[in-house]
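Engineer:
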Amino acid sequence: MHTLAIIGFGGMGSWHARNIIERVPELNVKGAFDIRSEALDKARDMDLVAYNSLEELLGDPEVDLVTIATPNNFHKPLAIQALRAGKNVISEKPVTLNASELEDIIAVRDETGKLFSVHQNRRWDKDYQIIKRVLAEGTIGAPYFIETRVQGSRGAMHGWRGYKVNGGGMLLDWGVHLLDQLMNMIDSPVVSVDAHLLSLFTPGVDDNIKILIRFENGVSALMEMATNCFINHPRWHVCASDGTCVVENWKCDGRIVKLNTDKQMAWEDDIVYTEAGPTRTMAPRPKQTTQELPLPEVETDWSDYYRNILDVLDGRAELIVKPEQALRVMKVIDLMFESEEVKHGLPCRI
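Residue numbering for the sequence shown follows UniProt numbering, beginning at 1 and increasing consecutively.
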């Protein structure tokens, strides 16, 4: 059995421990280290070893896997130190503050021959898996516009995520999730980004964001992350050649409306009259030319992330979340920050 220790035992670190203990019994969670005494008390309350130092944790011969769940600016040095101590390493997202830092970690991974992965847990979100299946099965044809959003109304970023030095801000918090989902789903290079990163409530870091991304295959995606939105858009809105798919929320309410190819298309001479004048272009389609479908049922389990790690360590599987994939994401993130700085879109091929 493989044995895990956790570096950083705040909200996410303790979440990892609880969920692994409950849902991945084939992985032994031994202990944790944190610089805060109250976090170590929390580990003891869970009957875990509370290591007195990072060196003690990394020196434990029983521990072969380490999860890093600290503020973002510590991910790189801790990952490199753990790899060189002979541990396999999982880093919370964002894996680093920029692509260059991740390249340094990958070099040490290659040097040590140990496993390194990033906890991109949102690949297992049901809403994402639904959209991924709809597109993979061609249910609505070829996509051309994809809108992906997370929206709240609580204002400022909280805790250390409100500080630039810690790698705070919404782009590095949720943006890496939405972008990882898009780049994992769309098999095409990113060729341009246009980012609007606002700091409305948290000086120094972005807290409300809209970003337009263009892919080489012609798909355009809109990413939005909001902390001051009081009437939400759908979680996903996808327009494709043969229909539209909407996932409204985390509960995965939604529907598909697609062309009914069994019916002959015959436009009615219909006109919509608005106060400012008539329009034929926006007149409704004949009802018989479309059909409404429910969203597909999908089964997904976040704990498969850790099961994949164990299978890779035992030589039974290929790593699902590869650091090279995270590197592509971080290169696009870097360009998004640059786009905001120069206040216009930027070309690329990533």
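Cβ coordinates follow ideal geometry from the N, Cα and C atoms, glycine included.
1. Which word fits T279, buried or exposed, when buried means at least 16 other C-beta atoms lie within 10 angstroms of its C-beta?
2. Just to confirm, is the Cβ distance from N208 to T227 under 7 Å?
3. Going by C-alpha to C-alpha distance, which of A156, L172, Y128 sits closest to E147?
4. For my contact list, V191 and R23 are in at a C-beta cut-off of 8 Å; report their separation, rounded to the angstrom.
5. Under the three-state reduction of DSSP, which class applies to R235: helix, strand or coil?
6. Going by alpha carbons, who is nearest to A221 out of P203, A195, L310?
7. Does the beta-carbon distance from E2 to D64 come in below 7 Å?
8. If I'm right that A156 touches T202 with Cβ under 8 Å, what's the distance once you round it to whole angstroms?
9. Expressed to the nearest angstrom, what Euclidean distance is found between the alpha-carbon atoms of M330 and K322?
10. Beta carbon of I6, beta carbon of L78: below 7 Å?
11. What runs of the beta strand (DSSP E), each 3 residues or longer, lie entirely inside the region 79-125?
12. Among the candidates K210, D334, L295, whose CA atom is the shortest distance from the CA of V247?
13. Hey, quick one: how far does the alpha helix (DSSP H) through G13 stretch, first residue to last?
14. Using C-beta distances below 7 Å, list every residue in its chain close to E328, excluding the 5 sequence neighbours before and after it, in chain order.
15. In three-state terms, what does DSSP make of T289?
16. Would you decide whether residue 352 is buried or exposed? Buried here means 16 or more other CB atoms lie within 10 Å of its CB.
17. In three-state DSSP terms, what is N208?
18. Can you list, in chain order, the residues of its chain whose CB lies under 7 Å from that of A317, leaving out five sequence neighbours each side?
19. Under a three-way DSSP split, which group does K76 fall into?
20. My understanding is that residue 372 touches I105, with C-beta atoms under 8 Å, so please give their C-beta distance in whole angstroms.
21. Indicate the three-state DSSP secondary structure (helix, strand or coil) for V29 in the structure shown.
22. Suppose contacts are defined by Cβ-Cβ distances below 7 Å. Is C245 in contact with V238 by that definition?
23. Identify the continuous alpha helix (DSSP H) that holds R154 and give its terminal residues.
24. Which of the three DSSP states is assigned to A195 in this structure?
25. Quick one: give me the first and last residue of the alpha helix (DSSP H) that I333 is part of.
26. Exposed or buried, what is N121 when buried is set at 16 or more other beta-carbons lying within 10 Å of its beta-carbon?
27. Indicate the three-state DSSP secondary structure (helix, strand or coil) for Y144 in the structure shown.
28. By a C-beta neighbour count over all protein chains shown, 10 Å radius and 16 as the cutoff for buried, is A17 buried or exposed?
29. First and last residue of the alpha helix (DSSP H) that includes R307?
30. Can you tell me whether DSSP reads V165 as helix, strand or coil?
31. Are the region 132-140 and the region 32-49 touching, with three or more C-beta to C-beta distances below 8 Å?
32. Pull the bridge partners of V219 from the DSSP assignment, please.
33. Sorted by chain position, which residues of the same chain lie with C-beta nearer than 6 Å to A43's C-beta, five sequence neighbours on each side aside?
34. Where does the unbroken beta strand (DSSP E) through K251 begin, and where does it stop?
35. In three-state DSSP terms, what is L54?
36. Rounded to whole angstroms, what's the CA-CA distance from D262 to I131? Just pull it up for me.
Structural biologist: The answer reads as follows:
1. To locate residue 279, count along the sequence shown from 1; it is residue 279. That one is exposed.
2. On the sequence shown, residue 208 is found 208 positions in, with the first residue counted as 1. On the sequence shown, residue 227 is found 227 positions in, with the first residue counted as 1. The answer is yes: Cβ separation under 7 Å.
3. Taking the sequence shown and counting its residues from 1, one reaches residue 147 at position 147. When each option's Cα is compared against that of E147, the closest is Y128.
4. Position 191 of the sequence shown, counted from the first residue, corresponds to residue 191. Position 23 of the sequence shown, counted from the first residue, corresponds to residue 23. Not quite, the Cβ-Cβ distance comes to about 40 Å (not below 8 Å), so this is no contact.
5. Translated into the one-based positions of the sequence shown, residue 235 becomes position 235. Three-state result, R235: coil.
6. For the purposes of this step, residue 221 is identified with residue 221 of the sequence shown, where counting begins at 1. Of the candidates P203, A195, L310, the one whose C-alpha sits nearest the C-alpha of A221 is A195.
7. Taking the first residue of the sequence shown as 1, we reach residue 2 at position 2. Taking the first residue of the sequence shown as 1, we reach residue 64 at position 64. As written in the sequence, residue 2 is His, which differs from the Glu given in the question. Yes, these two residues count as a Cβ contact at 7 Å.
8. By one-based count along the sequence shown, residue 156 stands at place 156. By one-based count along the sequence shown, residue 202 stands at place 202. Contact flag correct, Cβ pair sits at about 4 Å.
9. Working through the sequence shown from its first residue, we reach residue 330 at position 330. Working through the sequence shown from its first residue, we reach residue 322 at position 322. About 13 Å.
10. Position 6 of the sequence shown, counting from 1, holds the residue named residue 6. Position 78 of the sequence shown, counting from 1, holds the residue named residue 78. No, the Cβ-Cβ distance between I6 and L78 is not below 7 Å.
11. 88-92, 116-119
12. Position 247 of the sequence shown holds residue 247. Selected option, being the one with the closest Cα: L295.
13. Sequence index remark: in the sequence shown, residue 13 carries index 13 (1-based). Segment 11-23, the alpha helix (DSSP H) holding G13.
14. The residue you call residue 328 lines up with position 328 of the sequence shown. Checking the sequence, you will find Arg at residue 328 rather than Glu. Answer for R328: M183, I350, listed in chain order.
15. Counting from one through the sequence shown, the residue named residue 289 turns up at place 289. Reduced to three states, the DSSP call for T289 is helix.
16. Coverage of the chain is limited to positions 1 through 350, which leaves residue 352 absent and any answer about it impossible.
17. Indexing the sequence shown from 1 puts residue 208 at position 208. Note: N208 maps to strand in three-state DSSP.
18. Locating residue 317 in the sequence shown gives position 317, counting from the first residue. Around A317: N308, D311.
19. On the sequence shown, position 76 is the one that residue 76 refers to. Three-state DSSP puts K76 in a helix.
20. Residue 372 lies beyond the stretch modelled for the chain, which goes from 1 to 350, so this question has no answer here.
21. Within the sequence shown, residue 29 is the residue found at index 29, counting from 1. Of the three classes helix, strand and coil, the one that applies to V29 here is strand, per DSSP.
22. Counting from one through the sequence shown, the residue named residue 245 turns up at place 245. Counting from one through the sequence shown, the residue named residue 238 turns up at place 238. It is a contact, given that the beta carbons lie within the stated cut-off.
23. Locating residue 154 in the sequence shown gives position 154, where the first residue counts as 1. Premise fails: R154 is in no alpha helix (DSSP H) and is neither H nor E.
24. As a position in the sequence shown, residue 195 is number 195, starting the count at 1. The answer is strand: DSSP assigns A195 an E or B state.
25. Against the sequence shown, residue 333 aligns to sequence position 333. I333 -> alpha helix (DSSP H) spans 323-342.
26. Within the sequence shown, residue 121 is the residue found at index 121, counting from 1. Per the 10 Å Cβ criterion, buried.
27. The count along the sequence shown starts at 1 and reaches residue 144 at position 144. Strand, per DSSP.
28. Along the sequence shown, read from residue 1 onward, the residue named residue 17 stands at position 17. By the 10 Å Cβ count, A17 comes out buried.
29. As a position in the sequence shown, residue 307 is number 307, starting the count at 1. Per DSSP, R307 belongs to the alpha helix (DSSP H) from 304-313.
30. On the sequence shown, residue 165 is found 165 positions in, with the first residue counted as 1. DSSP places V165 in helix when its eight states are reduced to three.
31. no
32. The residue labelled residue 219 in the question sits at position 219 within the sequence shown. In DSSP, V219 forms no bridge with anything.
33. On the sequence shown, residue 43 is found 43 positions in, with the first residue counted as 1. Cβ neighbours of A43 beyond the five flanking positions: F9, A32, A50.
34. The count along the sequence shown starts at 1 and reaches residue 251 at position 251. Where K251 is concerned, there is no enclosing beta strand (DSSP E), given that its DSSP letter is neither H nor E.
35. Within the sequence shown, the letter at position 54 stands for residue 54. The answer is helix: DSSP assigns L54 an H, G or I state.
36. In the sequence shown, counting from the first residue as 1, residue 262 sits at position 262. In the sequence shown, counting from the first residue as 1, residue 131 sits at position 131. Looking at the two C-alpha atoms, the distance is approximately 25 Å.
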